Amino acid sequence: MTDETRSILLVGVGGQGTILASKVLSEGLVRAGYDVKMSEIHGMSQRGGSVSTHVRFGKKVYSPTISEGEADILVSFEKVEAVRWLVYLKRGGILVVNDHEIRPLSVLTGASSYPDRISEQLGEAVPNFFQLNAGDISAGLGSVKAQNIVLLGALVRCMNLDDADWKSMIEDTVPKKMYELNARAFDAGRSGW
Amino acid sequence: MTGNEAIARGAWEAGCHVATAYPGTPSSEILENISRYEEIDSEWSTNEKVALEVASGASIVGARALAAMKHVGLNVAADPLFTMSYIGARGGLVIVTADDPGLFSSQNEQDNRWYALHAKIPMFEPSDSQECKDFTIRAFDLSERFDVPVLLRVTTRICHSKGMTEIGERREVPVKPFERDRKKCVMMPAMAAVRRRLMEDREASLRDLSNDCPCNYIESGADGKIGVISSGVSYQHAKDALSGLGEPVSWLKLGLTYPLPDRLIERFASGVETVYVIEENEPYIENFVRQLGIRCTGRSLLPAAGELNAGIIRRAITGSAAAKPYSVEASPPPRPPVLCPGCSHRGIFFAMSKYRDIAVSSDIGCYTLGVLPPLEVGDATICMGSGVSAGIGFEKALNARTKSCDRADAGRADADAIKKVFGVIGDSTFFHSGITGLIDAVVNGSNMALCILDNRITAMTGHQENPGTGFTIGGDPTVRIDLKSLCTACGVKPENVRMVDPYDLDAAEKAVREAHDATELFVIITTRPCALIKDVARSRANLFCAVDSNLCVMCGMCMRIGCPAISRLDKGVRIERAMCNGCSMCAQLCPKQAISRVGEIDD
Ligand SMILES: Cc1ncc(C[n+]2csc(CCOP(=O)(O)OP(=O)(O)O)c2C)c(N)n1
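Protein chains in written order, with this note's numbering: chain B, 860 to 1052; chain R, 120 to 722.
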């Protein structure tokens, strides 16, 4: 366990389950013995807007939020959101992107356009870039509903956060009948894609 | 725990008996959590003024009471706030104000620390969840000890951040027996004048306390060159920003920030070379430090608008920025919040969007989002309740223009585009402060058309009960206030009230046309509950709309309602099944009957 404070930024679109994933994440880190602070935004932006959750952990954490250029890892549940929040990623940090597009209303109505070649551009700009299709992985396990936990698994792998009992955290957080699906989703995210 | 959970826990541990609130981000979860404690009598009040008055009454009798609200809520409750400072608090009275630097979910950014100064009531500013809990308990004790209401001032990042919090047990504090004390509690001028003078003495003793209070303390003490004074979440950001600076930094961490500790600040400043005051938004502490004749730097380096973070502070104080971040060429399209698929506000907005000759006074709630393309309904939004009352003003100004044009140049006003004023307001907002506006409209002869968008819940802030839902904060059934009877009781003619299912576009259009053409005050009340209410979502879970691509001619009619579940593909239109709830507004618009509803409602 290192003393240094590390910062995880989870971003996506309201309704994608970032809040649940960050809940499991932060509780797991607490049980692993870290000081943890997590900050999320409720209210207006949850109506399909761009959302972010900040998680910081270490020996002693002060600020609950991450500044630009200071995230050790950025996990984006949606592609264009990775672009929007990219400035938060530290030089040398890890970028994990869900290969999934959710078009904002302005794009649906034709007022603006969804950029092309996002993955290629991110891959060229960021050395530690990983992309996975959490929706397909989750769907392969029976339901797309566990995408967020697939991404959590990927995050745990990238950050080597093996000191927490993630399965029991998931068990305590999701409804009982969803546990099997989510446990397998976590394994799929952690073991590689 | 989040800060909000910790405040709730603190209230419970402090033996609080009565808790009230009107919801508002970022404060709403305080009462949601308090209501789970059986020992506390909790309520969603009709608005913040009512919330603070209920809590004040409980305190006057002798119970410990808490009222919670967002920053703008305290504007609504400001009237009782100022006078309760005169009356004091027999039972501890704690008022929580949750400010929103950065305007994550608010119509303005205001720093409510000035309220403490203005109303002369002590204020605590917690910096994390642990302090939220501890300071809530201290606030109750201080309130009773000094016979004064206490403000607990938090911000979005305190309310909605989770941190480790040690919990304790509840300490029962008996409710005091009722004691009549008219000189203290009936604030007519002569009695209030006496209380007013006593407040000055109280203030002096509170300032002494602030100098010795363990919530205000000096850290590290090393004779650093740099001394930083900070409070609230700014303190946490500053700690991160200045750690690893190389030079020792001395800290004056303030938790009790009204009255500010003059002697402590002087002592701190005399031990360091440079004093920085780091605070979000207003130079509240800095002004005081300057009044003491101490030179300091703060606002001139830091932005006044928006929230702070460690990076901003580091750049401001040390001039060093983080390494240049990664960047790509692509620029992200904006993604503002939008009306949900199946939103019950959409139908009326679509009907209204067809009129170019109306001016719309809108209000605060999910329906504010109707202003965004493609619906674009709403010309002004000020504060809760203004949907009705500002509409009355719209109409007066338009009438005045007609009159002045009649005099000056007959016919010019006729050429103006606006013929009718509409008001838009939600159910919770109407109960909060729309009723008074409606009475004003009736009595003063307004002919506006008011749409009360009754989705049977306070949706924007996360689905709290309101007087129109028929349930209390604890989920117990109660009287449901009937909007139609309420409007007619206020004097709206029954024949000028229409109840409409907004999913039925023809009905919505008919009602809007009638309202538009009416020559008297007209009210439309929608009857469809929010699509996200659990029971509604469950019953419609298997319902969705599907496009027959053989029939679709890509005319784009279905896109006009601005539903985020509908997208245009290279050939044809697609409706995202997982998002759709089968409201069928798109199907009603399709000229080719290419969209059909699939599945059944499951009751
Ligand atoms: C004085 C004040 N208190 C609270 C709020 C927070 N707030 C914003 S919208 C809203 C209620 C919206 O409910 P409703 O009118 O029923 O509309 P809906 O969101 O359900 O469409 C509240 C409480 C505020 N903006 N101002």
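The C-beta atom is built at its ideal place from N, Cα and C for all residues, glycine as well. Just so we're clear, the structure is a prediction, and the values are computed from it rather than from any experiment.
Cβ proximity to chain R below 9 Å picks out Leu967, Thr968, Gly969, Ala970, Ser971, Ser972, Tyr973, Pro974, Asp975, Arg976, Ile977 and Gln980 from the segment 967-980 of chain B. If you check each beta-carbon in the segment 981-1002 of chain B against every beta-carbon of chain R, the ones closer than 7 Å belong to Leu981, Ala984 and Val985. For Thr1032 (chain B), the enclosing alpha helix (DSSP H) has its first and last residue at Trp1025 to Thr1032. Where Phe201 (chain R) is concerned, the enclosing alpha helix (DSSP H) starts and stops at Ala197 to Ile206. Rounded to whole angstroms, the separation of the alpha carbons of Glu405 (chain R) and Arg418 (chain R) is 8 Å.
With contact defined as three or more Cβ pairs closer than 8 Å, the segment 460-471 of chain R and the segment 499-519 of chain R are not in contact. Burial is judged here by how many other beta carbons sit within 10 angstroms of a residue's own beta carbon; Ile431 (chain R) has at least 16 and is buried. With contacts defined by Cβ atoms closer than 8 Å, Val173 (chain R) and Glu158 (chain R) do not form a contacting pair. Interface residue (Cβ-Cβ distance to chain R less than 8 Å): Arg962 (chain B) is classified as such. In this structure, the CA atom of Gly873 (chain B) is about 14 Å from the CA atom of Cys485 (chain R). Interface with chain R (8 Å Cβ-Cβ cutoff): Val955 (chain B) is excluded.
Closest option to Ala388 (chain R), judged by alpha-carbon separation, among R:Tyr403, R:Asn400, R:Lys372 and R:Pro378: R:Lys372. The count of Cβ pairs closer than 8 Å, one atom from the segment 271-290 of chain R and one from the segment 234-250 of chain R, reaches three, so the stretches are in contact. Secondary structure at Val616 (chain R): strand, using DSSP grouped into helix, strand and coil. Counting only Cβ-Cβ distances below 8 Å, Ser349 (chain R) has no contacts in chain B at all, with the closest Cβ about 11 Å away. Asp1022 (chain B) counts as exposed, since fewer than 16 other C-beta atoms from the protein chains shown sit within 10 angstroms of its C-beta. The residue from R:Phe265, R:Arg434, R:Tyr377 and R:Ile694 with its alpha-carbon nearest to that of Ala357 (chain R) is R:Arg434. The shortest CA-to-CA distance from Glu940 (chain B) to any of B:Glu1039, B:Val914, B:Gln875 and B:Ser881 is the one to B:Gln875. Ligand 1 never approaches Tyr622 (chain R) closely enough for any of its heavy atoms to be under 7 Å from the residue's Cβ.
Exclusion of Asp218 (chain R) from the 7 Å shell around ligand 1 follows from its C-beta lying no nearer than that to any non-hydrogen atom of the ligand. In terms of beta-carbon proximity, Glu929 (chain B) lines the interface with chain R, with at least one pair separated by less than 8 Å.
Annotation: Leu383 (chain R) to Asp327 (chain R) spans about 10 Å, alpha carbon to alpha carbon.
For Cys304 (chain R), the three-state secondary structure derived from DSSP is helix. The three-state secondary structure of Phe254 (chain R), taken from DSSP, is helix. Trp131 (chain R) counts as buried, since at least 16 other C-beta atoms from the protein chains shown sit within 10 angstroms of its C-beta. As DSSP reads the structure, Arg687 (chain R) sits in a beta bridge with R:Val692.
The beta carbon of Met579 (chain R) sits closer than 6 Å to the beta carbons of Gly484 and Cys485 from its chain, once the five residues preceding and following it are set aside; these are given in chain order. The closest heavy atom of ligand 1 lies less than 7 Å from the beta carbon of Cys502 (chain R).
Of all residues in the segment 203-233 of chain R, only Phe223 and Ser224 come within less than 7 Å of chain B when Cβ atoms are compared, listed by chain position. If you ignore the 5 residues before and after Ala441 (chain R), its C-beta comes within less than 7 Å of the C-beta of Gly430, all in its own chain and listed in chain order.
In terms of beta-carbon proximity, Pro1034 (chain B) stays away from the interface with chain R, with every pair separated by 8 Å or more.
Its chain contains Arg465, Gly466, Phe469, Tyr622, Leu624, Ile680 and Cys682 as the residues whose beta carbon lies nearer than 8 Å to that of Met704 (chain R), once the 5 sequence neighbours on both sides are disregarded; these appear in chain order. Distances from the CB of Glu385 (chain R) to the heavy atoms of ligand 1 are all 7 Å or more.
Within 7 Å of the CB of Gln355 (chain R), the CB atoms of chain B belong to Tyr921, Ser922 and Pro923, in sequence order along the chain. Listed along the chain, the chain B residues whose CB falls inside 8 Å of the CB of His279 (chain R) are Ser898, Glu899, Ile900 and His901. Fully enclosed beta strand (DSSP E) runs of no fewer than 3 residues occupy 336-338, 345-350 and 368-373 of the segment 294-375 of chain R, in order along the chain.
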